[in-house]
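K.L.:
Can you keep this structure in mind? I'll have questions shortly.
Number of protein chains: 2
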Amino acid sequence: MRTSDSATRILDSAQRLIQQRGVKAMSYADISTEVGVGKPTIHHHYATKANLVEAVAERYFKVYEQALGQIEASSDSPEEQLRAYARLFQNSYADDQNMCLCGMLAADIALLSEQAADTVARFSELNVDFLSRLISRHRDQSKATEPSHIEALASLIFSSLEGALLMARGSRDPQVLDRVSENILRLLG
Amino acid sequence: MRTSDSATRILDSAQRLIQQRGVKAMSYADISTEVGVGKPTIHHHYATKANLVEAVAERYFKVYEQALGQIEASSDSPEEQLRAYARLFQNSYADDQNMCLCGMLAADIALLSEQAADTVARFSELNVDFLSRLISRHRDQSKATEPSHIEALASLIFSSLEGALLMARGSRDPQVLDRVSENILRLLG
DNA sequence: GTCTATACAGTGATAGAC
DNA sequence: GTCTATCACTGTATAGAC
Numbered sequence: 010m011r012t013s014d015s016a017t018r019i020l021d022s023a024q025r026l027i028q029q030r031g032v033k034a035m036s037y038a039d040i041s042t043e044v045g046v047g048k049p050t051i052h053h054h055y056a057t058k059a060n061l062v063e064a065v066a067e068r069y070f071k072v073y074e075q076a077l078g079q080i081e082a083s084s085d086s087p088e089e090q091l092r093a094y095a096r097l098f099q100n101s102y103a104d105d106q107n108m109c110l111c112g113m114l115a116a117d118i119a120l121l122s123e124q125a126a127d128t129v130a131r132f133s134e135l136n137v138d139f140l141s142r143l144i145s146r147h148r149d150q151s152k153a154t155e156p157s158h159i160e161a162l163a164s165l166i167f168s169s170l171e172g173a174l175l176m177a178r179g180s181r182d183p184q185v186l187d188r189v190s191e192n193i194l195r196l197l198g
Numbered sequence: 010m011r012t013s014d015s016a017t018r019i020l021d022s023a024q025r026l027i028q029q030r031g032v033k034a035m036s037y038a039d040i041s042t043e044v045g046v047g048k049p050t051i052h053h054h055y056a057t058k059a060n061l062v063e064a065v066a067e068r069y070f071k072v073y074e075q076a077l078g079q080i081e082a083s084s085d086s087p088e089e090q091l092r093a094y095a096r097l098f099q100n101s102y103a104d105d106q107n108m109c110l111c112g113m114l115a116a117d118i119a120l121l122s123e124q125a126a127d128t129v130a131r132f133s134e135l136n137v138d139f140l141s142r143l144i145s146r147h148r149d150q151s152k153a154t155e156p157s158h159i160e161a162l163a164s165l166i167f168s169s170l171e172g173a174l175l176m177a178r179g180s181r182d183p184q185v186l187d188r189v190s191e192n193i194l195r196l197l198g
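So this is what it looks like as structure tokens:
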């Protein structure tokens with residue numbers, strides 16, 4: 010159905026609005042205009058705003074999880090995989106200077122329902138786990154490293170990219186992300 | 010004047026609310042309740058919400074600039090100065106899981122006036138410049154390094170800490186900041 | 001599944017008295 | 001410098017028809 014994936018188009022619009030303006034500034038009126046349906050239609054698909062945010066977060070998590078899976082499944086080297094990982098963030102910024110959805114939700118954590126906040130926490134784990142595996146694989150090729158060090162390095166890489174996305178928006182300097190991405194590759198070796 | 014630092018207490022309240030909830034969720038009603046003055050009083054000191062946000066950002070910038078100056082003036086080693094720098098972020102989080110004000114403003118960049126957005130950009134430069142000087146001083150003790158590498162490393166450190174602050178909020182894990190801070194020290198040497 | 005119409009709380013902001 | 005009273009507007013949400 011062309012018409013009846015309104016639910017999906019509402020999610021698309023809501024996600025974009027959150028990434029650009031934050032949860033509080035994402036309104037039913039904006040979505041209504043963008044998608045071309047009445048506000049009651051939005052409520053029909055997602056009863057409350059909390060529900061809508063939860064749905065956006067959950068879908069984002071799953072899509073992102075799949076993307077990480079594809080990177081991991083590729084037979085590339087850990088270095089190449091890390092490059093592909095960094096590209097996820099670069100693509101987000103290239104697409105209208107979008108913040109990572111969960112990065113924005115983390116900033117707005119005080120406004121979220123328990124469920125949405127939980128998805129944000131799981132997103133963080135997802136990234137750290139992915140990076141920890143990647144680092145382990147890389148380290149096996151040379152020398153062994155303590156698990157706590159690996160997790161700390163994974164946290165550093167994830168934080169760097171989330172922060173670089175934030176910094177790129179704040180400083181209006183698109184190159185920040187590229188420079189940080191390059192230096193992260195150096196961290197690995 | 011005891012009474013007439015209402016202006017200051019309004020700024021304090023507004024800043025805290027922005028750091029915890031973001032610009033859009035900071036309201037005159039909240040400040041009015043917290044400070045104990047009527048909403049018209051807030052307008053008397055800061056005519057519009059945009060003015061208020063600009064004043065909060067500008068004061069934050071200046072206080073932060075002073076803090077960096079004190080770190081720089083201290084006769085400590087570059088390593089110790091970097092530790093003190095990281096502590097600024099750790100203190101922010103320790104104080105009610107506060108986001109860095111300009112980090113939150115960067116997330117809310119689409120909602121800001123030109124002037125406020127400019128202060129955020131200047132804040133970013135302030136940090137990168139400070140860190141670049143610090144790195145240069147450290148490198149002089151050993152080997153020379155290209156300026157572009159220094160700035161890239163400075164951006165990485167700043168991004169890491171802003172991102173770690175965001176990540177600590179999102180993952181509800183206070184130790185993230187500590188782990189990232191430690192690893193940053195390793196980046197220097 | 002979508003609409004019109006509407007309820008009602010909260011928003012930033014202003015007028016004018018003290 | 002602070003107040004009371006009030007403004008126009010927008011926010012989320014609901015009722016009920018089609």
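Protein sequences, first through last, are from chains A and B. Add 9 to a position in the first sequence, counting from 1, and you land on the number used in the working numbering. Add 9 to a position in the second sequence, counting from 1, and you land on the number used in the working numbering. All residues carry an ideal CB built from backbone N, CA and C; glycine is no exception. Computed from a predicted structure; not experimentally measured.
(1) How about B/Ala16: is its C-beta nearer than 8 Å to some C-beta of chain A?
(2) If the cut is a Cβ gap below 8 Å, which residues of chain B does A/Leu120 touch?
(3) For a contact defined as C-beta to C-beta under 8 Å, what are the partners of A/Ala161 on chain B?
(4) Taking a contact to mean a Cβ-Cβ separation below 8 Å, would you say A/Leu175 touches B/Leu97 in this structure?
(5) Could you check the C-alpha separation between A/Thr17 and B/Asp14 for me, to the nearest Å?
(6) Tell me the rounded alpha-carbon separation between A/Val65 and B/Pro156.
(7) Please tell me whether B/Thr12 has its Cβ less than 8 Å away from any Cβ of chain A.
(8) Whether or not the region 86-103 of chain A and the region 181-192 of chain A are in contact is what I'm after, with contact meaning three or more pairs of Cβ atoms, one per stretch, closer than 8 Å; do they touch?
(9) Any C-beta of chain B within less than 8 Å: which residues of the region 46-79 of chain A qualify?
(10) Between B/Arg11 and B/Gly78, what straight-line distance do the alpha-carbon atoms span, to the nearest angstrom?
(11) Measure the alpha-carbon distance for B/Ser86 versus A/Ala76 and round it to whole angstroms.
(12) Going along chain B, which residues have a C-beta under 7 Å from A/Glu171?
(13) Which of helix, strand or coil does DSSP assign to A/Val46?
(14) What do you get for B/Thr128, buried or exposed, if any count of 16 or more other CB atoms within 10 angstroms of its CB means buried?
(15) Label A/Val62 either buried or exposed according to how many other C-beta atoms from any shown protein chain fall within 10 Å of its C-beta, with 16 as the threshold for buried.
(16) Sort A/Glu89, A/Leu194, A/Gln90, A/Tyr69 by Cα distance to A/Leu165 and report the nearest one.
(17) Cβ atoms of A/Ser133 and A/Ile159: under 8 Å apart, would you say?
(18) Buried or exposed, going by whether 16 or more other CB atoms sit within 10 Å of the CB of B/Ala161?
(19) Is there a C-beta anywhere in chain B that falls below 8 Å from the one on A/Leu97?
(20) Could you check the C-alpha separation between B/Gln24 and B/Tyr37 for me, to the nearest Å?
(21) Using 8 Å as the threshold, is the C-beta distance between B/Thr154 and B/Arg146 below it?
(22) For a cutoff of 8 Å on Cβ pairs, would you count B/Ala38 as touching chain A?
(23) Where does B/Arg142 sit, in a helix, a strand or coil, going by DSSP?
(24) Since B/Gly31 and A/Lys33 should fall inside the 8 Å C-beta cutoff, what is the C-beta to C-beta distance between them, to a whole number of angstroms?
(25) Excluding five sequence neighbours on each side, which residues of the same chain lie with their C-beta closer than 6 Å to the C-beta of A/Leu170?
(26) Which residues in chain A have a C-beta closer than 8 Å to the C-beta of B/Asp138? List them in chain order.
(27) Counting C-beta neighbours from all protein chains within 10 Å, is the total for B/Ala173 16 or more, i.e. buried, or is it exposed?
(28) Can you grab the Cα-Cα spacing for the pair B/Glu81 / A/Gly45, in whole Å?
(29) Answer with buried or exposed for A/Val137, where buried requires no fewer than 16 other C-beta atoms within 10 angstroms of its C-beta.
(30) Going along chain A, which residues have a C-beta under 7 Å from B/Leu165?
(31) Residue range of the alpha helix (DSSP H) that A/Pro183 falls in?
(32) Using a Cβ cut-off of 9 Å, which residues of the region 96-117 of chain A contact any Cβ in chain B, in chain order?
(33) Report yes if the C-beta distance between B/Leu196 and B/Leu143 is below 8 Å; otherwise report no.
(34) By Cβ distance, which residues of its chain are closer than 7 Å to B/Met113, with the 5 residues on each side in sequence left out?
(35) Does DSSP put B/Asp39 in a helix, a strand or coil?
P.N.:
Straight from the coordinates:
(1) Answer no: the Cβ-Cβ gap between B/Ala16 and chain A never drops below 8 Å.
(2) Listed along chain B are Arg30, Gly31, Ala34, each with a C-beta nearer than 8 Å to that of A/Leu120.
(3) Arg188, Val189, Glu191, Asn192
(4) no
(5) 51 Å
(6) Going from the Cα of A/Val65 to the Cα of B/Pro156 covers about 42 Å.
(7) Only weak support is given to the placement of B/Thr12: the predicted model assigns it a pLDDT of 46, under 50, and the value that follows is read from those uncertain coordinates. No, B/Thr12 lies away from the interface with chain A (no Cβ there is under 8 Å from its Cβ).
(8) yes
(9) Those residues of the region 46-79 of chain A that come within reach of chain B (Cβ to Cβ, closer than 8 Å) do not exist; the list is empty.
(10) Summary for B/Arg11: the model assigns pLDDT 49, below 50, so the residue's position carries little reliability, and this model does not support an answer.
(11) 43 Å
(12) Under the 7 Å cutoff, chain B gives Gly172, Leu175, Met176.
(13) Reduced to three states, the DSSP call for A/Val46 is coil.
(14) buried
(15) buried
(16) A/Leu194
(17) It is not a contact, given that the beta carbons lie outside the stated cut-off.
(18) buried
(19) no
(20) 12 Å
(21) no
(22) B/Ala38 has a beta carbon lying at 8 Å or more from every beta carbon in chain A.
(23) helix
(24) 6 Å
(25) Phe98
(26) Going along chain A, no residue has its Cβ under 8 Å from B/Asp138, so there is no contact; the nearest lies around 12 Å.
(27) Counting Cβ neighbours within 10 Å, B/Ala173 comes out buried, since at least 16 surround it.
(28) 55 Å
(29) buried
(30) Correct list: Ser169, Val189, Asn192.
(31) Counting along the chain, A/Pro183 falls outside any alpha helix (DSSP H), and DSSP gives it neither H nor E.
(32) Gln106, Met108, Cys111, Gly112, Met113, Leu114, Ala115, Ala116, Asp117
(33) no
(34) Ile27, Gln28, Gly31
(35) helix
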